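Residue numbers (the working numbering): 439 to 665.
Okay, so here's the structure we're looking at.
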């Protein structure tokens, strides 16, 4: 009769293995870390660079177009301002010419009013109308000039008579035959005057008279001093 060794038979009980021992003993496979993202391919980086370059080129084109439009707008604004100034200047010039033409047509009437005033005929209703006409003409800028005794100026005076006078030292207006008129700085009719000039020998005689006291003073002092 043979003895059976415990645990060597087919029905021998296997030793208890604690749960999880097999999992701990098994080697762990290397898994990629969840924190590490997938590496970007080189093709994607080049594609992003190309997109950036394209956007930069488009931005440069937009900036260039904006600069051109801004320059065009500034040029148009300057041209418009010049046009406005030119139109305003032309409008003022046309107005001045129209007023000057109107007042030029009224000058003979104003001359008649002046002659009537000198002869004492400016009375009654005629006087009122004449004064109203002169007031309106003055409001339009008409100015009368020309007075006796003022120096002759060929730019605003027209000499109709000429004479010599011992009491003048330069060519002088001694009589106003017809007054002159101007609008601002523009003369629309020169004053027609009679002028008088100094007598030809008056200046030489005046200079000799001025030198005579000096000569008498030299004689009294015994002549000029000798060195």
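Idealized CB from N, CA, C, for every residue including glycine.
Given the structure is predicted, the values throughout are model-derived calculations rather than measurements.
Residue i to residue j span [Cα, whole Å]
| i | j | result |
| --- | --- | --- |
| residue 614 | residue 628 | 11 Å |
| residue 483 | residue 491 | 12 Å |
| residue 574 | residue 581 | 11 Å |
| residue 576 | residue 639 | 45 Å |
| residue 516 | residue 555 | 55 Å |
| residue 513 | residue 521 | 12 Å |
| residue 530 | residue 495 | 53 Å |
| residue 598 | residue 532 | 33 Å |
| residue 499 | residue 518 | 29 Å |
| residue 623 | residue 603 | 32 Å |
| residue 506 | residue 493 | 20 Å |
Identity of the residue in the options nearest residue i by Cα
| i | options | result |
| --- | --- | --- |
| residue 586 | 592, 623, 563 and 634 | 634 |
| residue 625 | 605, 523, 596 and 518 | 596 |
| residue 600 | 535, 636, 515 and 519 | 636 |
| residue 621 | 560, 541, 572 and 611 | 541 |
Distance CB(residue i)-CB(residue j) smaller than 8 Å
| i | j | result |
| --- | --- | --- |
| residue 607 | residue 590 | no |
| residue 551 | residue 538 | no |
| residue 562 | residue 631 | no |
| residue 616 | residue 528 | no |
| residue 547 | residue 571 | yes |
Status (buried if at least 16 other CB within 10 Å, exposed otherwise) for residue i
| i | result |
| --- | --- |
| residue 462 | Any answer about residue 462 is weak, because its pLDDT of 47 lies below 50 and its placement is not dependable; what the coordinates show is given next. It counts as exposed. |
| residue 619 | buried |
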